[in-house]
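Remarks on the structure that follows.
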Amino acid sequence: MAITTMPTDTQATSILDAAALLRAVAQGIKARRLSSTEWETTSSSGQGRYTVLLDADGGARCTCKAGQYARFACKHATLVQVLARVLDDNREQTDDLPF
1 MAITTMPTDT
11 QATSILDAAA
21 LLRAVAQGIK
31 ARRLSSTEWE
41 TTSSSGQGRY
51 TVLLDADGGA
61 RCTCKAGQYA
71 RFACKHATLV
81 QVLARVLDDN
91 REQTDDLPF
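Heads up: the sequence shown at position 69 corresponds to 69 in the numbering used here, and the numbers run straight through without jumps.
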């Protein structure tokens with residue numbers, strides 16, 4: 001599977017779409033963090049992989065077709081946005097623990 005170019009910065013979106021998140025969860029899409037701004041997700045078929053990049057404003061861009069051409073974040077980008085927020089929130093809450 002060829003990696004396509006990322007959408008332009010103007011196409012990154014920080015709008016969360018609940019329906020996209022539900023589709024990602026229902027379809028069993030998995031995501032793993034590669035760095036603080038780069039994630040990899042599985043495709044809905046499980047046969048492919050996409051890269052999702054997060055920007056400083058919470059927006060996300062994905063290499064899937066919907067991520068490149070849709071007005072709103074695709075299901076992969078939405079899943080990553082939610083996971084990143086949850087992980088970052090948990091990290092902030094545990095930073096001051098003495099262990």
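Built from N, CA and C at the ideal position, the CB exists for glycine as well.
Remember, predicted model here, so these are calculated numbers, not experimental data.
Check, Outcome
"Residue range of the unbroken alpha helix (DSSP H) whose run includes Arg23", "Ala18 to Ala26"
"Neighbour-count burial assignment, Lys75, 16 or more Cβ in a 10 Å radius", "buried"
"7 Å Cβ cutoff met for Ala31 and Trp39", "yes"
"Cα-Cα separation between Thr42 and Ala77, rounded to whole angstroms", "11 Å"
"Counted within 10 angstroms of its Cβ, other Cβ atoms place Arg61 as buried (16 or more) or exposed", "buried"
"Cβ pair Thr51, Thr63 closer than 7 Å", "yes"
"Among Gly28, Gly59, Leu54 and Gly58, nearest to Ser35 - alpha-carbon criterion", "Leu54"
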